[in-house]
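Each remark here refers to the structure printed beneath this line.
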Amino acid sequence: MPANNNQVSLRLQHHSLWSLTDSSECEQEREDNVTTRCPTPLEKLTTDMCQDEKTIKELTMGRRVGFYKVRGQIGCGNFSKVKLAFHALTKDKVAIKILDKTRLDLQSQRMLSREISNMESLSHANVLRLYEVIETPCRLYLILEYAGGGDLHTKICTEGKLSDHDSKITFAQILSGIKYMHDNSIIHRDLKAENILYSCNACVKVADFGFSKRVRNRNEVLDTFCGSPPYAAPELFRDESYIGPPVDVWAMGVLLFFMVTGTLPFRADTVAKIRRCVLDGTYILPTWVSAPCQRLIRGILKPDPSERCALDQMLGCEWLLPVDITHPTQPTNKLDPLRLVLADPGDLSRDEQEARAALEELGITDEHILNNQGKKSRSPVTGVYRILMHRVQKSRGVECVPSISGVVKDPKRDSLRAYRSLRHTSKLCILS
Ligand code: ATP
Ligand code: MG
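Per the working numbering: the sequence shown = residues 3 to 434.
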């Protein structure tokens with residue numbers, strides 16, 4: 003059978019930037035195979051990335067990054083632009099957080115590498131997933147799970163406060179995600195409604211690990227002021243150092259207040275005035291907020307961090323009692339495709355076996371996996387594997403939204419609108 007264009011060009015791709023390295027002793031065998039069969043989706047894609055004019059132009063123009071086709075902008079932050087994209091092989095939607103490396107000082111670079119390593123060590127239904135990292139001389143691209151339901155801040159600003167029922171469902175998921183992070187020694191330090199995202203099926207995702215910090219123990223003393231002033235705990239304004247977990251807990255209290263009332267408890271038009279409000283510690287809880295919810299908010303917003311509600315206390319509080327909060331987690335080593343090759347086949351879970359079959363269908367072999375070992379998220383093989391694994395897990399209902407048992411009454415509707423004018427910008431400085 004005469005070789006078609008793809009078959010011919012495959013011989014040339016081994017030295018390209020985009021080819022996935024195969025061992026040289028297998029090269030001849032591989033080429034012989036290729037001439038007698040159709041190229042796999044992976045072979046077709048890598049060939050296009052080296053040979054096809056349109057694909058090369060898209061790569062040069064930034065309309066493609068690695069294996070991803072980039073679409074429009076879906077968000078922006080202080081440090082990044084976030085764009086929607088599709089994986090060219092799996093067709094799954096992802097979000098790409100794009101950072102301009104030339105604008106990052108040393109401190110920001112350190113925080114960025116923490117963002118990557120901390121996200122990489124977490125795997126939970128309510129924590130946004132990192133699939134892959136792509137680096138070019140000027141840019142860094144974080145390939146993230148796409149949260150198509152928008153962020154909590156925009157939701158409340160456009161639709162008003164959440165019902166008691168929706169607040170419970172949302173808060174329970176935030177609590178589940180933060181408890182998992184704290185249990186794994188990671189403090190978020192920038193919890194705010196803008197960083198709480200919803201996936202397309204209304205599952206809550208804690209996002210933006212730009213200020214996150216891995217601590218050696220729960221009482222490790224920190225001295226970097228991080229986060230957004232309206233969500234900042236009093237000790238951040240008052241003391242020269244602080245303990246991590248209670249700072250996240252305080253921000254969760256502010257979030258809960260914002261969800262059930264549509265306004266922030268401590269608000270003003272300058273940071274200095276917000277600081278005064280937080281240090282005064284006075285806020286007005288509308289009487290129509292249910293008594294169990296009021297008790298929870300008051301238990302969280304205690305000026306003294308040692309008196310603040312612990313996450314386990316929150317889990318057992320009366321307001322959340324009717325919510326079923328259990329979320330399965332999985333050990334993060336399962337997010338490394340190397341397991342597929344090295345583990346005893348009998349030890350692979352059903353999910354892993356399914357993901358492995360899907361990888362094979364795309365043309366990703368054990369050899370590709372072995373050749374990418376040690377690269378963690380900086381490998382396109384890891385990217386595809388994590389996307390496929392996540393897809394399999396979602397199809398098994400791992401991300402189902404918690405349900406509420408028993409009758410839960412909505413509080414009376416009121417006319418309070420969200421406090422819209424203040425942009426809640428996160429800040430970083432060393433406390434002195
Ligand atoms: P900041 O420090 O100002 O919070 P940042 O530069 O760290 O911002 P992110 O908070 O991660 O950036 O993202 C900015 C915005 O982009 C988010 O508020 C959200 O609206 C959107 N966004 C981020 N990640 C995703 C995602 N995975 N899916 C959908 N939208 C996203
Ligand atoms: Mg953010």
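Note that CB positions come from ideal geometry on N, CA and C, so glycine has one too.
**Message:** Can you determine whether any heavy atom of the ligand ATP sits closer than 6 Å to the C-beta of G77, and answer yes or no?
**Reply:** yes
**Same chain, Cβ closer than 7 Å to K336, neighbours up to 5 away in sequence not counted** = E354
**Request:** Evaluate contact between the segment 42 to 56 and the segment 106 to 125, counting only Cβ atoms and requiring at least three cross-stretch pairs below 8 Å.
**Result:** no
**Prompt:** Candidates Y182, V135, V291: which alpha carbon is nearest T384's?
**Reply:** V135
**Item:** The alpha helix (DSSP H) enclosing E363, as first and last residue numbers
**Value:** 352 to 364
**Asked** Is the distance from the Cβ of G264 to the Cβ of A204 below 7 Å?
**Response** no
**Request:** Taking all protein chains shown into account, decide if L59 is buried (16 or more other Cβ within 10 angstroms of its Cβ) or exposed.
**Result:** As written in the sequence, residue 59 is Lys, which differs from the Leu given in the question. Exposed.
**Prompt:** Does the Cβ-Cβ distance between L101 and S82 come in under 7 Å?
**Reply:** yes
**Item:** Alpha-carbon to alpha-carbon, F260 and W290
**Value:** 14 Å
**Message:** Starting from A293, trace the beta strand (DSSP E) in both directions and tell me its first and last residue.
**Reply:** No beta strand (DSSP E) contains A293, which is instead part of the alpha helix (DSSP H) from 293 to 302.
**Asked** Going by DSSP, which residues form a beta bridge with G77?
**Response** V84
**Message:** Classify P139: buried if its beta carbon has 16 or more other beta carbons within 10 angstroms, exposed otherwise.
**Reply:** exposed
**Asked** Looking at S214 and H190, is the spacing between their C-beta atoms short of 7 Å?
**Response** yes
**Integer-rounded CB distance, given that P404 should sit under 8 Å from I327** = 6 Å
**Request:** Please find out if some non-hydrogen atom of the ligand ATP comes closer than 6 Å to the beta-carbon of D488.
**Result:** Only positions 3 to 434 of the chain appear in this structure, which leaves residue 488 out of reach.
**Request:** Counting only the same chain and skipping the five closest in sequence on each side, list residues whose C-beta sits under 7 Å from that of D368.
**Result:** V343
**Item:** Residues near E122 by beta carbon distance below 7 Å, same chain, minus five either side
**Value:** L132, K378, S379
**Asked** Comparing alpha-carbon positions, which option in A127, R341, L238 lies nearest L372?
**Response** R341
**Item:** Of the residues P232, D271, E242, V262, the one placed nearest W252, counting alpha carbons only
**Value:** P232
**Asked** Tell me the DSSP bridge mates of D153?
**Response** L199
**Request:** Counting only the same chain and skipping the five closest in sequence on each side, list residues whose C-beta sits under 6 Å from that of G77.
**Result:** V84
**Request:** Spell out the partners DSSP gives D102 in its beta bridges.
**Result:** R141
**Prompt:** Does any heavy atom of the ligand ATP sit closer than 6 Å to the C-beta of G301?
**Reply:** no
**Request:** Just the C-alpha distance for R451 and I145, rounded to the nearest angstrom, thanks.
**Result:** This structure does not reach residue 451, given that the chain is present from 3 up to 434, and the question cannot be answered.
**Message:** Quick check: what's the CA-CA separation for S2 versus L193?
**Reply:** Any property of residue 2 remains undetermined from this structure, which presents the chain solely from 3 to 434.
**Message:** Beta-carbon within less than 7 Å of R310's beta-carbon, same chain only, minus the 5 sequence neighbours each way: which residues are those?
**Reply:** P248, V251, W252, I302, K304
**Residue burial classification, Q111 (beta-carbon count within 10 angstroms, cutoff 16)** = exposed
**Asked** Should N120 be listed as close to the ligand ATP, given that the test is whether its C-beta is under 6 Å from any heavy atom?
**Response** no
**Item:** K181, enclosing alpha helix (DSSP H) - first and last residue
**Value:** 166 to 185
**Message:** Just to confirm my understanding: we take R297, look at its own chain, exclude 5 residues before and 5 after, and list those with CB closer than 8 Å. What are they?
**Reply:** C319, E320, W321
**Asked** Sorry if obvious, but does the Cβ on V84 come closer than 6 Å to a heavy atom of the ligand ATP?
**Response** yes
**Prompt:** Within the present structure, is the beta-carbon of E363 separated from the nearest heavy atom of the ligand ATP by less than 6 Å?
**Reply:** no
**Prompt:** Would you call the segment 198 to 212 and the segment 233 to 243 touching, i.e. three or more CB-CB distances under 8 Å?
**Reply:** no
**Message:** According to DSSP, simplified to helix, strand and coil, what is H370?
**Reply:** helix
**Request:** Compute the minimum distance between the beta carbon of D107 and the heavy atoms of the ligand ATP, and state whether it is under 6 Å.
**Result:** no
**Request:** Buried or exposed for Q315, please, with buried defined as at least 16 other CB atoms from any protein chain shown within 10 angstroms of its CB.
**Result:** exposed
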